[in-house]
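First residue of the sequence shown: 947, per the numbering used here; consecutive thereafter.
For every residue, glycine included, the Cβ atom is placed at its ideal position computed from N, Cα and C.
Working notes, structure below.
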Amino acid sequence: RVPPGVDVEFQVGARTSAGDEVANAEFTAKLLKPDGSTSDLRLSRTGDSAEGSVGKLAMPGKYTVEITARTDGREIGRTRANLQVMDQDIELSNPAADPDQLARLAALTKEAGGRAIAAEALPDLFSEIHQRPPDLEIEVETKWQFPDRPRDAWSFLLVFVALLTSEWALRKRWGLV
947 RVPPGVDVEF
957 QVGARTSAGD
967 EVANAEFTAK
977 LLKPDGSTSD
987 LRLSRTGDSA
997 EGSVGKLAMP
1007 GKYTVEITAR
1017 TDGREIGRTR
1027 ANLQVMDQDI
1037 ELSNPAADPD
1047 QLARLAALTK
1057 EAGGRAIAAE
1067 ALPDLFSEIH
1077 QRPPDLEIEV
1087 ETKWQFPDRP
1097 RDAWSFLLVF
1107 VALLTSEWAL
1117 RKRWGLV
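Below, the structure written as C-alpha cells:
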C-alpha cells in the first residue's frame, strides 16, 4: 500500500534455480493501471539487474507491475507485483477538531473581528450579533462608468457632434478651411 503521489522504486533481476544470477538478461516492465490501460516502464541497467520506478501514482486503485526477463530472445521468466494506492482523505484521517489550529486561524483574522469561540458560547454569540446588527453592516462600493445608461451616451454624443460642428463652422467662417 502506498499513498497517492509517491514514487515507488523497484529492482529486478533473474536467477537460476541454483540461485545464481543470470548474466545478460534483458528485462521489460509494464504497469497495469486500475482503469485497464497499460504503460511501459523505463528500466536502467545496473550490472546483472535493472532498476526502475513507478512515478507519482495519483489515481487510487490497484496497480500491477509486470516484469518479463529474456535471454537470447527467449523468455526465461515473468513475475508480477501489486501496488495499492490508497484513497486518502486527509481531513477524514483526523476528524476531531483541532483547537490550536482554530486559534491560529482566529488570530490571523483578529483585525477583522475574528476570534476563537467554544461551541458552548455560540448562543451568546448569536444574541450578541442580534443586539448589534448595524456594526455588522458592510458598505458595498458601487462603480459608475460614464456611458452607464443610454441617455448619458446619447447626450455625450450630441454634445460632441455639436462641438465638432461649431468648430468646423467657425473655421469655415474665418476662412481656415
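Just measuring C-alpha positions, the residue of S985, R1095, R1020 sitting nearest G1001 is S985.
Here DSSP, grouped into helix, strand and coil, assigns R1119 to helix. In the DSSP assignment, F973 forms a beta bridge with A1015. When DSSP reads this structure, D986 sits in a beta bridge with K976. In this structure, L989 sits near A996, with a CB-CB distance shorter than 7 Å.
Ranked by how close their Cα comes to the Cα of P949, the residues L1122, Q1030, S999 have Q1030 in first place. When the alpha-carbon of E955 is set against those of A969, G998, G982, K976, the nearest one is in G998. Around E972, the same chain offers A1015, R1016, T1017 as residues with beta carbons nearer than 8 Å, after the five sequence neighbours per side are excluded.
Scanning R1119, G1023, W1090 for the CA closest to the CA of E1012 turns up G1023.
For S999, the three-state secondary structure derived from DSSP is strand. Under the DSSP assignment, F1072 falls in the alpha helix (DSSP H) whose first and last residues are 1068-1077.
CA-to-CA, the gap between T962 and A969 works out to about 10 Å. Pairing E967 with D994 gives a Cβ-Cβ distance under 7 Å. In this structure, A1067 sits away from L1048, with a CB-CB distance that is not shorter than 7 Å.
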